[in-house]
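The structure appears right after this line, and notes come after that.
Residue numbers (full-length UniProt numbering): 1 to 726.
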């Protein structure tokens, strides 16, 4: 006999988007998934505020405000029905707006006003409205609107399809939205205040140029609270660029110029691009979502941004990460100025007035100035004409952390968790897609030009495919919360038992949340004893981590017999648990004849497909997996070929072989060739064994005892069946 290489090896699962996919039906069978929806109809759910201190999460959707228990979102959910008035809905429809996705009250603002009340705003059928909600205190089950509705103009966009972002600070609301019915006047607005309302300079393209608001955050700048600044993240349609703006929360506007306008407004461009081999730069210029990962020091804050490309010939997504220290450096750098015949941007070379534009009044650098109204006129004039910084903000390493090109999906949202593993600290990225799935990605540092990112799994978290709108993460609860237009899902950050019941499988998974504890693949705790930690995220090497756990058991696999019918198609199943494993098939034959490959043999993500089976295809097939130098046999399948006539005759009661039932078995068998007779005996033996396994309760011995664990293994693997790719 001989062993022949049947096909060139390759990353079997990497043909399937390079990762393992888990469908929602499989998630629903576990205890790590919950789902909530009000209706089968699309209601545009948005996770707008999470309060981990009270274990509540607040979600807005069409005509409803929801208060969910973050321990289990499908239980004890409190609801407020808050539709737009009948008059406003009729006026909206008469104006030609979409009656389903426009003429409703879509909640877009939910902010904590104090310890007992929330401030909420909705689109109000193109007539924004706001109100206060009494949420009570634990353990009170209070959730009701406690005030009359008031105008939401300047607080929420008219059009629910236009993003509204907001921050509540000292019972003042800072919003980024469109302030008019037509959606032509975009502004960053301060309202709900005893002071004067303040907004961006109107119809000034240097400030805002058809912006799409993405997110807003208050970020401290040093120990002085007066130096804290508001950052609004946005992208601009006219300039095809993304960036962030900075202004001071205690800005009260100018005295003679920029009255009731921001006098500390500055803007900088965010760059996320890839440098090609020919030195050309491919830009991902549309910001989709941001996530702020806090560190021990304010200037050590990390800003993760999801970007997509707007090119008609290039489709891709990228994740770039920025250091807050680099952001501050850009805002403290040169200002941009247009000059020359083409009005190109250059660094401003003139004198910069004092105090430097963008400085907080009453802060560490201007203790003698208590209000922006005290700024000199030249400072206010400079801000109006030069709000843009000359230098862009580059990501760490001047390259993206994750890049996806020519994929059939794009990223829409992001959440990040800092995880401590046995060999260091890792950032685990949860990335929502426009296909309604969530990818779990770990980034491994590399000595090369690009870090290596591993997609540990992709979860289908909704039955109906629609883009992910929000991701919220709770490191405290170890849960991820996902929203789309169809509902809200909750999934655990880790599912360690899915990686199998062997040390090598757990190690090869390279999931920072999971480690081999000597008995199973389970949640890793950094405080655990050293001898119980079997984990290697950086290299995933089971040869060093799993000594003493019988690695030789992986070298061989229990042989299974599988039958194929001549001229028909048969499938040999083999799927490694790790998506990073490369697979090679070998065939053992009784002669030295080399098998020529043809298009009949196709490698799939789940095994080997043989079309139009020939007699020469008979033999023992070995499925070998290799990862990080660790090799093992995943499957050993003896393929027996039956003639088409034999199977057809025995399976068809109305065939010409129907009379054979009255014959003695020996007489019937004599009608076939010796090879067919042997195959038929073996086939019947295997069928009897498989059928009897279902009725046997006592311990089994012999061949049946060997076959039962194999069948159980196949069943358990089928229960973890991965999502097939279209």
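Quick reminder that beta carbons are idealized off the backbone N, C-alpha and C, glycines included.
field: Where residue 619 sits in the DSSP three-state scheme
entry: Position 619 of the chain shown, counted from the first residue, corresponds to residue 619. If DSSP states are grouped into helix, strand and coil, residue 619 belongs with the strands.
- request: Excluding the 5 residues preceding and the 5 following residue 61 in the sequence, name in chain order all residues of the same chain whose CB lies nearer than 8 Å to its CB.
  value: Locating residue 61 in the chain shown gives position 61, counting from the first residue. If we look at residue 61 and ignore the five residues flanking it on each side, its Cβ neighbours are 38, 43, 44, 45, 46, 106 and 107.
- prompt: First and last residue of the alpha helix (DSSP H) that includes residue 519?
  reply: The residue given as residue 519 occupies position 519 in the chain shown. No alpha helix (DSSP H) holds residue 519; DSSP gives it neither H nor E.
- prompt: By Cβ distance below 7 Å, which residues in the same chain neighbour residue 193 in space, the five residues on each side in sequence not counted?
  reply: On the chain shown, residue 193 is found 193 positions in, with the first residue counted as 1. Taken in chain order, the residues that qualify are 172.
query: So, helix, strand or coil for residue 391, using DSSP?
result: The residue you call residue 391 lines up with position 391 of the chain shown. Secondary structure at residue 391: coil, using DSSP grouped into helix, strand and coil.
field: Backbone CA spacing between residue 534 and residue 526 [nearest angstrom]
entry: Sequence index remark: in the chain shown, residue 534 carries index 534 (1-based). Sequence index remark: in the chain shown, residue 526 carries index 526 (1-based). Straight-line Cα distance between these residues: approximately 12 Å.
message: Taking the alpha-carbon of residue 606 as reference, which of 315, 599, 572 and 68 has the nearest alpha-carbon?
response: Along the chain shown, one-based indexing puts residue 606 at 606. Comparing Cα-Cα distances from residue 606 to each of 315, 599, 572 and 68, the minimum goes to 572.
message: Counting C-beta neighbours from all protein chains within 10 Å, is the total for residue 115 16 or more, i.e. buried, or is it exposed?
response: Looking up residue 115 in the chain shown gives position 115. The residue is exposed, with fewer than 16 neighbouring Cβ atoms inside 10 Å.
- prompt: Using the C-alpha atoms, what's the distance from residue 272 back to residue 308?
  reply: One-based indexing of the chain shown puts residue 308 at position 308. One-based indexing of the chain shown puts residue 272 at position 272. For residue 308 and residue 272, the distance between alpha carbons rounds to 9 Å.
Inside the region 433-485 only - alpha helix (DSSP H) runs reaching at least 4 residues: For the region 433-485, not a single whole alpha helix (DSSP H) run of length 4 or above is found.
field: Closest Cα partner of residue 321 within the set 249, 295 and 399
entry: On the chain shown, position 321 is the one that residue 321 refers to. The option with the nearest alpha carbon to residue 321 is 399.
message: In the DSSP assignment, the alpha helix (DSSP H) including residue 385 goes from what residue to what residue?
response: If you number the chain shown from 1, residue 385 lands on position 385. Element bounds for residue 385: 377-385.
message: Please report the straight-line C-alpha distance between residue 67 and residue 24, rounded to a whole angstrom.
response: Here residue 67 refers to the residue found at position 67 of the chain shown. Here residue 24 refers to the residue found at position 24 of the chain shown. Between residue 67 and residue 24, the C-alpha separation is close to 24 Å.
query: Do you know how far the Cα of residue 249 is from the Cα of residue 218?
result: Taking the first residue of the chain shown as position 1, residue 218 is located at position 218. Taking the first residue of the chain shown as position 1, residue 249 is located at position 249. Looking at the two C-alpha atoms, the distance is approximately 9 Å.
- prompt: Using CA coordinates, which residue listed in 328, 486, 403 and 509 is at the minimum distance from residue 497?
  reply: Indexing the chain shown from 1 puts residue 497 at position 497. Of 328, 486, 403 and 509, the residue nearest in Cα terms is 509.
message: Assuming residue 121 is part of the beta strand (DSSP E), what are its boundary residues?
response: Numbered from its first residue, the chain shown carries residue 121 at position 121. Unbroken beta strand (DSSP E) run through residue 121: 117-122.
query: Where does residue 487 fall in DSSP's three states?
result: As a first step, residue 487 is located in the chain shown; it is residue number 487 there, counting from the start. Assigned with DSSP and collapsed to three states, residue 487 falls in strand.
- request: Go through its chain and collect everything with a Cβ distance to residue 485's Cβ below 6 Å, but skip five positions before and after it.
  value: Translated into the one-based positions of the chain shown, residue 485 becomes position 485. Contacts found: 42, 44 and 466.
message: Among 372, 480, 645 and 49, whose alpha-carbon lies nearest the alpha-carbon of residue 258?
response: On the chain shown, residue 258 is found 258 positions in, with the first residue counted as 1. Among 372, 480, 645 and 49, the Cα nearest to that of residue 258 is on 372.
- prompt: Got a sec? Which residues, its chain only, sit under 7 Å from residue 377 by beta carbon, not counting five neighbours each side?
  reply: Position 377 of the chain shown, counting from 1, holds the residue named residue 377. Leaving aside the five residues that flank residue 377 on each side, the residues in its chain whose CB is nearer than 7 Å to its CB run, in chain order, 256 and 257.
- prompt: Taking contact to mean at least 3 C-beta pairs separated by less than 8 Å, is the region 558-569 in contact with the region 610-622?
  reply: Counting Cβ pairs under 8 Å, three or more are found: they touch.
- request: Could you pull out every residue in the same chain whose Cβ sits closer than 7 Å to the Cβ of residue 74, ignoring the five residues on either side in sequence?
  value: Position 74 of the chain shown, counting from 1, holds the residue named residue 74. Around residue 74: 34, 35 and 36.
Spatial neighbours of residue 727 in its chain, beta-carbon cut-off 6 Å, leaving aside the 5 residues before and after: No statement about residue 727 is possible, as the shown extent of the chain runs from 1 to 726 and does not include it.
Under 7 Å between C-beta atoms of residue 426 and residue 353: On the chain shown, position 426 is the one that residue 426 refers to. On the chain shown, position 353 is the one that residue 353 refers to. Cβ distance not < 7 Å, so residue 426 and residue 353 don't count as in contact.
message: Considering only DSSP beta bridges, list what residue 262 is partnered with.
response: Position 262 of the chain shown, counted from the start, is the residue given in the question as residue 262. Paired residues: none, contrary to the question.
Assumed close pair residue 251, residue 239 - CB separation to whole angstroms, cut-off 8 Å: Numbered from its first residue, the chain shown carries residue 251 at position 251. Numbered from its first residue, the chain shown carries residue 239 at position 239. Contact check for residue 251 and residue 239: beta-carbon distance about 24 Å, past the 8 Å limit, so the pair fails to qualify.
query: So, is residue 474 buried or exposed, given that buried needs 16 or more other C-beta atoms within 10 angstroms?
result: In the chain shown, residue 474 corresponds to position 474, counting from 1. Buried, because 16 or more other Cβ atoms sit within 10 Å of the Cβ of residue 474.
query: In three-state DSSP terms, what is residue 113?
result: The residue labelled residue 113 in the question sits at position 113 within the chain shown. Here residue 113 carries a coil assignment [DSSP, helix/strand/coil].
field: Member of 418, 348, 155 and 642 whose CA lies at the smallest distance from the CA of residue 178
entry: What you label residue 178 is simply residue 178 of the chain shown in a count that begins at 1. With respect to the C-alpha of residue 178, the residue from 418, 348, 155 and 642 having the closest C-alpha is 155.
- prompt: Since residue 172 is in the beta strand (DSSP E), which residue starts that stretch and which ends it?
  reply: For this step, residue 172 is matched to residue 172 along the chain shown. In this chain, the beta strand (DSSP E) harbouring residue 172 covers 172-178.
query: DSSP on residue 348, reduced to helix/strand/coil?
result: Residue mapping note: residue 348 aligns to position 348 of the chain shown, counting from 1. Under the three-state reduction of DSSP, residue 348 is assigned to coil, being neither helix nor strand.
- request: Measuring alpha carbon to alpha carbon, tell me which of 539, 434, 633 and 388 ends up nearest residue 242.
  value: For the purposes of this step, residue 242 is taken as the residue at position 242 of the chain shown. For the residues 539, 434, 633 and 388, the minimum Cα distance to residue 242 belongs to 388.
message: Please return the same chain residues whose Cβ sits closer than 8 Å to the Cβ of residue 197, not counting the five positions on each side in sequence.
response: By 1-based counting over the chain shown, the position of residue 197 is 197. Setting aside the 5 residues that flank it on each side, residue 197 is surrounded in the same chain by 154, 189, 190, 191 and 260, each with a C-beta closer than 8 Å to its C-beta; the list follows chain order.
task: Please name the residue or residues paired with residue 50 in a DSSP beta bridge.
output: Within the chain shown, residue 50 is the residue found at index 50, counting from 1. In DSSP, residue 50 forms a bridge with 57.
- prompt: Run through DSSP, which three-state label would residue 699 get?
  reply: For the purposes of this step, residue 699 is taken as the residue at position 699 of the chain shown. The pLDDT assigned to residue 699 is 44, lower than 50, so where the model puts this residue is not dependable; a value taken from the coordinates is nonetheless given after this. In this structure, residue 699 counts as coil in the three-state DSSP scheme.
query: Is residue 307 near the ligand COA, in the sense that its beta carbon is under 6 Å from a heavy atom of that ligand?
result: Ligands are entirely absent from the displayed structure, and the ligand COA is therefore not among its contents.
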